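Working notes, structure below.
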Amino acid sequence: MATTQKKRRIKTEGRNSFDFVLLAVVFFLIGFGLLMIYSTSSYEAAIDFNDSAYYLRKQMISTLVGILGLVVTMIIPYRYYKKVDFLAYIAAIISILLLLTPLGITRNGATRWINLGIITVQSAEIVKLGIIIFQASYITRLGKSIRTTRGLLAFFIPPTIAAGMIYLISKNLSSAIIVMGIAVCMLFVAVPDYKPFVAIAVVVMVAAAAVVIYASGNDVSGAFRLARVKAWLDPESYSTDKAFQTLQALYAIGSGGLWGKGLGQSMQKRGFLPESQNDMIFSIICEELGLFGAMVIIILFIVLIWSCMMIANSAVDQFGSMLVVGVMSHFAIQVILNIAVVTNTIPNTGITLPFISYGGSATLFLLSEIGIVLNVSRLSKV
Amino acid sequence: MERNKINQKKKTFVLGVLVMIVLVLLIGRVSYLMIYRAEHYTALAEELHERERDIKAKRGRILDASGQVLADNRTVCTISVINSQITEPQRVISTLTQTLGLSEEYVTKRVEKWSAREKIKSNVDKEIGDALRKEEMEGVKIDEDFKRYYPYDELASKVLGFTGSDNQGILGLEVYYDSYLTGEKGQILTVTDAKGVEQEDVGERREEPVAGLDLYTSIDLPIQKYATQLAKQVYATKQAKKVSIIVMNVKNGEILAMADEPEYNLNEPYSFIDEVLTLEQESVTLSEKERQDLLNKMWRNNCIHDTYEPGSVFKIITAATGLETGAVALTDQFYCPGYIIVEDRRIRCAKIAGHGSEDFIHGFMNSCNPVFITVGMRIGVDRFFEYIQKFGLYQKTGIDLPGEAKMIMHKKENVGEVELATVSFGQSFQLTPIRFMTTVSAIINGGTMVTPHFGVRAMNKEKTRIIDFSYPTTQIAVSKETTEAIRMMMEQVVENGGGKNCYIEGYRIGGKTATSQTLPRGTGKYIASFLGTYPANDPQIMAMAIIHEPKGQYYGGQIAAPVIRQLFENILPYLRDKGYN
Chain U
1 MATTQKKRRI
11 KTEGRNSFDF
21 VLLAVVFFLI
31 GFGLLMIYST
41 SSYEAAIDFN
51 DSAYYLRKQM
61 ISTLVGILGL
71 VVTMIIPYRY
81 YKKVDFLAYI
91 AAIISILLLL
101 TPLGITRNGA
111 TRWINLGIIT
121 VQSAEIVKLG
131 IIIFQASYIT
141 RLGKSIRTTR
151 GLLAFFIPPT
161 IAAGMIYLIS
171 KNLSSAIIVM
181 GIAVCMLFVA
191 VPDYKPFVAI
201 AVVVMVAAAA
211 VVIYASGNDV
221 SGAFRLARVK
231 AWLDPESYST
241 DKAFQTLQAL
251 YAIGSGGLWG
261 KGLGQSMQKR
271 GFLPESQNDM
281 IFSIICEELG
291 LFGAMVIIIL
301 FIVLIWSCMM
311 IANSAVDQFG
321 SMLVVGVMSH
331 FAIQVILNIA
341 VVTNTIPNTG
351 ITLPFISYGG
361 SATLFLLSEI
371 GIVLNVSRLS
381 KV
Chain S
1001 MERNKINQKK
1011 KTFVLGVLVM
1021 IVLVLLIGRV
1031 SYLMIYRAEH
1041 YTALAEELHE
1051 RERDIKAKRG
1061 RILDASGQVL
1071 ADNRTVCTIS
1081 VINSQITEPQ
1091 RVISTLTQTL
1101 GLSEEYVTKR
1111 VEKWSAREKI
1121 KSNVDKEIGD
1131 ALRKEEMEGV
1141 KIDEDFKRYY
1151 PYDELASKVL
1161 GFTGSDNQGI
1171 LGLEVYYDSY
1181 LTGEKGQILT
1191 VTDAKGVEQE
1201 DVGERREEPV
1211 AGLDLYTSID
1221 LPIQKYATQL
1231 AKQVYATKQA
1241 KKVSIIVMNV
1251 KNGEILAMAD
1261 EPEYNLNEPY
1271 SFIDEVLTLE
1281 QESVTLSEKE
1291 RQDLLNKMWR
1301 NNCIHDTYEP
1311 GSVFKIITAA
1321 TGLETGAVAL
1331 TDQFYCPGYI
1341 IVEDRRIRCA
1351 KIAGHGSEDF
1361 IHGFMNSCNP
1371 VFITVGMRIG
1381 VDRFFEYIQK
1391 FGLYQKTGID
1401 LPGEAKMIMH
1411 KKENVGEVEL
1421 ATVSFGQSFQ
1431 LTPIRFMTTV
1441 SAIINGGTMV
1451 TPHFGVRAMN
1461 KEKTRIIDFS
1471 YPTTQIAVSK
1481 ETTEAIRMMM
1491 EQVVENGGGK
1501 NCYIEGYRIG
1511 GKTATSQTLP
1521 RGTGKYIASF
1531 LGTYPANDPQ
1541 IMAMAIIHEP
1551 KGQYYGGQIA
1561 APVIRQLFEN
1571 ILPYLRDKGY
1581 N
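Keeping their order, the protein sequence lines are chains U and S.
Counting in our numbering, the first sequence runs from 1 upward without gaps.
Counting in our numbering, the second sequence runs from 1001 upward without gaps.
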């Protein structure tokens, strides 16, 4: 056993299955992200902090920390995580509970960060990674029993607790949705059935349609989330409050045209689209680099997803492949939801664009996840 | 286990493909927004980013009949600073303080204020603006602007009117013809950030303004000047309250001059002229409303905005009515004992001793009240009021100046013999001088009721747009005989009657005098007036002088007729050259 494993490792390393395409895409996205963060934030940063590179500098530090994380996770054999799967889940839960302690940091009315002395980390990001590791391991533990109702319930209990806590404690619906989405995607891959997922998809769509119909027909100004739905349906009628950000993003996208206004030439970033380096950065990419730039970015994400998919399918064991599926789901969900929000395809909810949006914790954990994927790919068969 | 793995690979692949499909759909969504909705959102975004700064259109000038400029534009500068662009604040502060004559404190405050654009001073002379521009100070903006300028200060002030801070017409021709004079403003579209800070790197768009049309008027500068000079002279020597002189073309209604002393300086319409302030006790601090009332009073054009009792000049209309209705013939004989009893009242003639026996022509020449009261009685209330109606006296003339007043006349059903008697010689009711002159014009020009006016044409500098104004005329029923008779009698007034003081050797002048007591009666205050026409046999020009409350002599024939004579003496040779005959 040990010898075959050793042989295989040598064999795979010899074949050099390390995924350079993935790494190249990620580094391109990161580099591009830094450029766009500078472009989107410099105007406001110069006014607010008298330092146009304020956000860029912070993000560069985050990126360096993130690369460190990537190197570390790339080195640590992924099988090790299987041994500490429960610890990962507990760490995730504790990170949420820490929000309730004085370590929790409140910004804009929501407590989402914990202060770890030298750095602040967003709990939700820890949870996402924790859930990916735990659920991947859990799937291998459950084996075939995952296809039973009990197994299914058992599978969903940990992510539901985590997502529920994120929603209740940090009022972060987006992250809760992402956590649940990752779990669903992993389950989708783990079981051979389609029907239940089709059923879930239908139920979700019907429910969504019902909410939309209800919101459009009633006065929902009192209900925050329903009001967002209404603003989504008709952003130009809610231009000053609920749909302000969405509409500003649409202005940016719409005024980009085919080739964009040119790098640095966005008007919307000049105070019109608040914090344009965050969730709405894609709209500024559209404005400055046009449909061309937007398509390049989306295609790079397609390549990223494709690489992940290939790595998952060439992993030597189920745990490795499920880890990659989890990470891939994580990227896919965030990319899809972010672009859908920015283009007003779905109602507004705060989701960052992986590798491009400004944010320290997200960068660290996303890069660490890439490290895990690369580690899986290093040990994969072709 | 292996089957499971194959299944898992398949599902990973399915998941991957599903994600890609969604991403491709999102590319579609982005393409839709960036191609089909681009125009819509670009327009909305530009509207959001662009701040409009108007470029004022050059306002059209106002010119007299021969092209002399009565209202012009002067280039002035507006000086403003942009805090973020200032590199040498000390130099900016000291230079602006010195050149503009402002307090250092005031300038410093504005220079140091963080704002998009801070205005320091407007209406700065162009020379000063040019000098500042030569200093080449960063962050100091010098914008050129137009300010209305009236080269003759107070000449025809009540006709021309003036403009407000936005160059919009406020009074007189300036407001009446505002839509022609204004032009279309242009725009500088500057791009700003969300706080309104201009973005120099993005550049600006300009939409050029279209200059307003020049207004060519019938005002004749030399005549206007002379009328004003005469009005001023009478105003001073007779210590009158107000003096109006109007010169009008009888045939087409063009007004050649309209002076209304005291006039005000059009270049400083909000500063009181001495008359207003001395009259209204300078020492008292005025409330805003009192101040505005006084200004309105100062700006009033008595020829149009105010009515007055015309007095004996109205006998022209009584005579025309009498002749038209057949109530009187030129040869009818009357006897004036110096008074006439109407009901229980004794109404005096101006000549206390009476004119004795006289025919109608002499009654007109003598302006004999008993004669006209008798004629009025013969006409009767119904016919008299029918003719007041026919002669258009109830209507406004439609002159091209805002705020024309209407006649104030007795209600017909309230008119008894006494009222009819007083109306016959032009008292107990009020109308505007312009209304009166217009009706007399119709009677003596053969029945054409013209619209008195100043505006002749509007034209741009390039003469590519020309708008000739036309004015409605109506025909009133006046027989040729009546017209001839009135012309003849008016000439007789000047040749042999009360208007002798307007006689000019070599010119056939017609006229009628008037002296009316102001209300309340018995205060010894009068309005003296004289209406003169030339040539008397087929009048083309009519001039009227109205002197309110003169000191000393107050008879129209004594003080108003000489004014018109002096006016005619000076302008008739000139008008002859211009084709008036």
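Every residue gets a Cβ at the ideal spot worked out from N, C-alpha and C, and that includes glycine.
Please read these numbers as outputs of a predicted model, since none were measured by experiment.
Please decide whether residue i counts as near chain U, where near means a Cβ-Cβ distance under 8 angstroms.
i                : result
A1131 of chain S : no
Q1085 of chain S : no
S1103 of chain S : no
R1053 of chain S : no
L1189 of chain S : no
Please list the terminal residues of the continuous beta strand (DSSP E) segment that includes residue i.
i                : result
L64 of chain U   : No beta strand (DSSP E) holds L64 of chain U; the alpha helix (DSSP H) holding it covers 54-75.
W113 of chain U  : 110-115
A1458 of chain S : 1455-1459
N1123 of chain S : 1118-1125
V1081 of chain S : 1069-1081
R1205 of chain S : 1204-1207
D1054 of chain S : 1050-1055
V1247 of chain S : 1242-1249
DSSP on residue i, reduced to helix/strand/coil?
i                : result
K1134 of chain S : helix
A1543 of chain S : strand
D279 of chain U  : coil
C1336 of chain S : strand
K1010 of chain S : helix
M1292 of chain S : The sequence shown places Gln at residue 1292 of chain S, not Met. Correct three-state label for Q1292 of chain S: helix.
T1438 of chain S : helix
S1165 of chain S : coil
V1375 of chain S : helix
H1410 of chain S : coil
Would you mind telling me which residues of chain S sit closer than 7 angstroms to residue i, beta carbon to beta carbon, in chain order?
i               : result
G257 of chain U : M1034, A1038
F301 of chain U : L1023
Going along chain S, which residues have a C-beta under 8 angstroms from residue i?
i               : result
W306 of chain U : G1016, M1020
G371 of chain U : Correct list: empty, because the minimum Cβ distance to chain S is about 20 angstroms.
G290 of chain U : M1034
T343 of chain U : L1026, R1029, V1030, L1033
M280 of chain U : Neighbours of M280 of chain U on chain S: none; closest Cβ ~14 angstroms, over 8 angstroms.
Does any C-beta atom of chain S lie closer than 8 angstroms to the C-beta of residue i?
i               : result
S137 of chain U : no
F86 of chain U  : no
M205 of chain U : no
M309 of chain U : yes
M180 of chain U : no
P192 of chain U : yes
M36 of chain U  : no
I339 of chain U : yes
Taking all protein chains shown into account, decide if residue i is buried (16 or more other Cβ within 10 angstroms of its Cβ) or exposed.
i                : result
G1416 of chain S : exposed
I213 of chain U  : exposed
V203 of chain U  : exposed
P1472 of chain S : exposed
N959 of chain S  : With chain S running from 1001 to 1581 in the structure shown, residue 959 of chain S is simply not present.
K82 of chain U   : buried
S1357 of chain S : exposed
W113 of chain U  : buried
Would you mind telling me which residues of chain S sit closer than 9 angstroms to residue i, beta carbon to beta carbon, in chain order?
i               : result
S321 of chain U : K1005, Q1008, K1009, T1012
For residue i, which residues in chain U fall below 9 angstroms Cβ to Cβ?
i                : result
K1195 of chain S : I47, R270, G271
Could you tell me the boundaries of the alpha helix (DSSP H) in which residue i lies?
i                : result
L173 of chain U  : 173-190
L1215 of chain S : L1215 of chain S -> not in any alpha helix (DSSP H); beta strand (DSSP E) instead, spanning 1214-1217.
Q245 of chain U  : 244-254
F156 of chain U  : 149-170
If the cut is a Cβ gap below 7 angstroms, which residues of chain U does residue i touch?
i                : result
T1042 of chain S : G254, S255
L1048 of chain S : Y251, F272
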